[in-house]
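Going by full-length UniProt numbering, 469 is the number at position 469 of the sequence shown; the sequence numbering is gapless.
Note that beta-carbon positions come from the ideal geometry of N, C-alpha and C, so glycine has one too.
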Amino acid sequence: MNELRDVARWGTPADAVSLSSGVRDLLGAALGVTGPRPAAATADLPAGRLSETVLKELRSVCPTVTTDDAARLAHAAGKSTDDLLRLRAGQAGDAPDAVARPAAQQQVADLLAVCSRLRVAVVPFGGGTSVVGGLAARREGFAGVLAVDLAALDRLVHLDRVSRTATFEAGVRAPRAEQLLAAEGFTLGHFPQSFEYASLGGFAATRSSGQASAGYGRFDRMVVGLRAATPIGLLDTGRAPESAAGPDLRQLLLGSEGAFGVITELTVRVRPAPRARHYAGWSFPSFDAGAHAVRALAQDGPLPTVLRLSDETETAINAATGGPQADGCLAVVGVEGTAEDVAGRTAALEQRLAGLGGTPLGTGPGEAWQEGRFRAPYLRDALLDAGAIAETLETATFWDRLPATYAAVRAALMENLSGAGTPPLVLCHISHVYDSGASLYFTVVAAQAEEPVAQWQAAKAAASDAIATSGATITHHHGVGRVHRPWYTREIGDVGVAALQGVKQALDPHGILNPGILLP
Ligand SMILES: Cc1cc2nc3c(=O)[nH]c(=O)nc-3n(C[C@H](O)[C@H](O)[C@H](O)COP(=O)(O)OP(=O)(O)OC[C@H]3O[C@@H](n4cnc5c(N)ncnc54)[C@H](O)[C@@H]3O)c2cc1C
């Protein structure tokens, strides 16, 4: 029997937040949430399947391999609401049979060689923040499952000040990477909401995108070099920022979600740490009007570092629950850089946004957003405790399809989660912008049904169908994992699947790497 308190949540129990009275009232009155749901205190782990002979072989190349129950439970799931609900119900059936914590890149390579020979499935584990079932590998057909936790590979290997690149081991967590860079006067500028726990290797493996992507870019665009261990040997890619030497092999590893290799080291471009910041709020009369304005900035500039636009519901709910105050639709416009650059871009943005119909709200809402930007996952735990279901999903599409995608996904969620009770809350914001399109990020809050896992899975499937039917992509930054796989394989078609399976067969002939993740 194993303590669930520490794993079935975001952060540690000491970080827990409680709901404000405004949120409690809203849950009861608007959503029909009836009250706290008891969570199981312990979980039963499936019996470990790796024999002593196999464990001995694994330990001969990596002495830290453990079958300790607490370690297995800590690697049993990611951090989707689905994962948390199942853990809260005491279900830990996806727990690996053993956990390895390699202390050197060579140990990863050696582990893969042993696992390939003995047919042990391998789940690379970075920060464990996957929200798409990326850590729940298929176990049938394998001698067992080994989680390879990369946390000990956390060194800054090299900083090249001239080229402005930094080489890190893949297990380094984002806050530590920023700390190491800050000491040298640099930043990576990658701040996803999972920043506190996610790893650089995980960012690369899932093509992550941070909240400041307008200024610093998506994570996959930051990567200039990758090294990965595969069952057939090392793949070392990226000897120049750009190259015409054939297809770009870095692109094979970016987004490969551990199915082609374990990324052990990566080189990323870095920027001088910003000296100044200016975060402001703007309001627009409608989501359409705001979307027109953020598109104008994305296409014709000036481009801030952070650019987000909430729809009417998200703006109203945030204002009602202690967040930034605004009417209509709130846009957060943040600029970072040197003092001179920030002053210049801020002035240019103010002129442009006013011309696009925006109303300036000053720095208050921008700073409030910045201060609370990592708070949502803690709030989700409190919502789950209170008997609500709370989850997010995301997509991206071209500007001309954005209104239709927004309407279709919203309608699918509203319809599917209304059931016999009260309608859910469906909030949305434009979270990342490009000259040709943008991503939409939805947050859903509803009363928990008797079977909340099945309830959410049905709603998620309806939303995913709506995304696919509207011609958008099944994921802009969460990745594919196991949850999005059926829609992803439809998105890339039979030829796309065959191409990726060919790569997998070449790099991983016995299919031990994250079986069932990304590909069937
Ligand atoms: C509350 C919350 C907020 C989030 N916000 C964002 C956001 O703003 N932006 C965003 O992009 N994502 C977000 N995510 C999703 C998640 O944080 C990202 O997918 C992140 O990139 C995963 O990093 P990780 O280190 O935790 O990877 P893990 O969860 O450990 O792994 C993710 C996948 O990659 C594989 N993998 C991990 N490390 C390696 C490696 N070194 N080599 C090969 N494969 C590997 C794993 O096997 C798994 O399939 C959020 C998740 C949560 C729970």
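To the nearest angstrom, report how far apart Ala-100 and Ala-177 are at their CA atoms.
Their Cα atoms are separated by approximately 22 Å.
Please report the distance separating the alpha-carbon of Thr-237 from that of Thr-267.
In this structure, the alpha-carbon of Thr-237 lies about 10 Å from that of Thr-267.
Hey, would you say Thr-359 sits closer than 8 Å to Ser-286, going by beta carbons?
Ser-286 sits away from Thr-359, with the two beta carbons spaced by 8 Å or more.
Using the three-state DSSP reduction, which class does Gln-91 fall into: helix, strand or coil?
When DSSP states are grouped into helix, strand and coil, Gln-91 belongs to the strand group.
Compute every distance between the C-beta of Ser-470 and the non-hydrogen atoms of ligand 1, then say whether any falls below 7 Å.
No, Cβ of Ser-470 sits at least 7 Å from all heavy atoms of ligand 1.
Endpoints, the beta strand (DSSP E) within which Asp-236 is located:
Looking at the DSSP string, the run of the beta strand (DSSP E) that includes Asp-236 is 233–237.
Please report the residue range of the beta strand (DSSP E) in which Asp-160 lies.
Membership of Asp-160 in the beta strand (DSSP E) is indicated by the continuous run 156–160.
So, are the CB atoms of Glu-169 and Glu-265 less than 8 Å apart?
When the beta-carbon positions are compared, Glu-169 and Glu-265 come within less than 8 Å of each other.
Do Gly-372 and Pro-304 have their CB atoms nearer than 8 Å?
Pro-304 sits away from Gly-372, with the two beta carbons spaced by 8 Å or more.
What residues in its chain sit with their C-beta under 6 Å from that of Gly-35, if we drop five residues either side in the sequence?
The residues are Gly-387.
Determine the direct distance from the alpha carbon of Asn-416 to that of Ala-466, and round the result to whole angstroms.
As the crow flies, the alpha-carbon of Ala-466 is around 12 Å from that of Asn-416.
Give the secondary structure of Leu-413 by DSSP, where H, G and I count as helix, E and B as strand, and everything else as coil.
Leu-413: helix per DSSP, three-state reduction.
CA-CA distance, Gln-501 and His-510?
About 12 Å.
Rounded separation between Asp-311 and Cys-329 - CA only
When rounded, the distance between both Cα atoms is 5 Å.
Taking only the alpha-carbon atoms, compute the straight-line gap between Arg-485 and Leu-413 and give it to the nearest angstrom.
For Arg-485 and Leu-413, the distance between alpha carbons rounds to 20 Å.
Check whether the region 245–256 and the region 204–211 are in contact - that is, three or more C-beta pairs closer than 8 Å.
Enough Cβ pairs lie closer than 8 Å, so yes.
Can you give me the C-alpha to C-alpha distance between Ala-382 and Leu-19, rounded to a whole angstrom?
Each residue's alpha carbon lies about 6 Å from the other.
Neighbour-count burial assignment, Val-495, 16 or more Cβ in a 10 Å radius:
Exposed, since its Cβ has fewer than 16 Cβ neighbours within 10 Å.
Buried or exposed: which applies to Ser-51, given that a residue is buried once 16 or more other Cβ atoms fall within 10 Å of its Cβ?
Residue environment for Ser-51: exposed (fewer than 16 other C-beta atoms within 10 angstroms of its C-beta).
Cβ-based neighbour list, Met-1, same chain, cut-off 8 Å, excluding 5 preceding and 5 following:
Caution applies to Met-1, whose pLDDT of 49 falls short of 50 and renders its modelled position unreliable; the value that the coordinates give is listed next. Within the same chain, and ignoring the five residues on either side of Met-1 in sequence, the residues whose Cβ sits closer than 8 Å to its Cβ are Thr-42, Ala-43, Asp-44.
Span of the beta strand (DSSP E) around Leu-307:
Note, Leu-307: beta strand (DSSP E), 306–310.
Evaluate Gly-471 with the Cβ neighbour count: other Cβ atoms within 10 Å of its Cβ, from every protein chain shown; 16 or more gives buried, anything less gives exposed.
Taking all protein chains shown into account, Gly-471 has fewer than 16 neighbouring C-beta atoms within 10 Å of its C-beta and is therefore exposed.
Taking its Cβ as the centre, do 16 or more other Cβ atoms sit within 10 Å of Arg-88, making it buried, or is it exposed?
Around the beta carbon of Arg-88, a 10 Å sphere encloses 16 or more other beta carbons of the protein chains shown; the residue is thus reported as buried.
Residues that Ser-470 bridges to, as DSSP identifies them:
Paired residues: none, contrary to the question.
Proximity below 8 Å, CB of Thr-67 to CB of Asp-25
Cβ distance not < 8 Å, so Thr-67 and Asp-25 don't count as in contact.
Candidates Phe-195, Gly-28, Arg-164: which alpha carbon is nearest residue 521's?
The question about residue 521 has no answer here: the residues shown for the chain are numbered 1 through 520.
How is Arg-72 classed by DSSP in three states: helix, strand or coil?
Looking at Arg-72 - three-state DSSP - the assignment turns out to be helix.
Considering only the alpha carbon of each residue, which of Ser-431, Phe-219, Thr-397, Ala-245 lies closest to Glu-314?
Closest option to Glu-314, Cα to Cα, is Ser-431.
Quick check: is any heavy atom of ligand 1 less than 7 Å from the C-beta of Gly-93?
Incorrect: Gly-93 has no Cβ contact closer than 7 Å to ligand 1.
Report yes if the C-beta distance between Leu-180 and Leu-425 is below 8 Å; otherwise report no.
Judged by their CB atoms, Leu-180 and Leu-425 are not nearer to each other than the 8 Å cut-off.
Option nearest Trp-369 by Cα separation, candidates Ala-109, Arg-482, Asn-318:
It is Asn-318.
Between Val-332 and Arg-86, what straight-line distance do the alpha-carbon atoms span, to the nearest angstrom?
When rounded, the distance between both Cα atoms is 35 Å.
Is the number of C-beta pairs between the region 451–465 and the region 57–75 that are closer than 8 Å three or more?
Under the three-pair Cβ rule at 8 Å, the region 451–465 does not count as touching the region 57–75.
Collapsed DSSP secondary structure at Gly-362 in the structure displayed:
Secondary structure of Gly-362 (DSSP, three-state): coil.
Candidates Gly-357, Val-306, Pro-241, of which the one nearest Tyr-279 by Cα
Comparing alpha carbon positions, the residue from Gly-357, Val-306, Pro-241 closest to Tyr-279 is Val-306.
Quick one: is the Cβ of Val-99 within less than 7 Å of any heavy atom of ligand 1?
Val-99: no, Cβ never under 7 Å from ligand 1.
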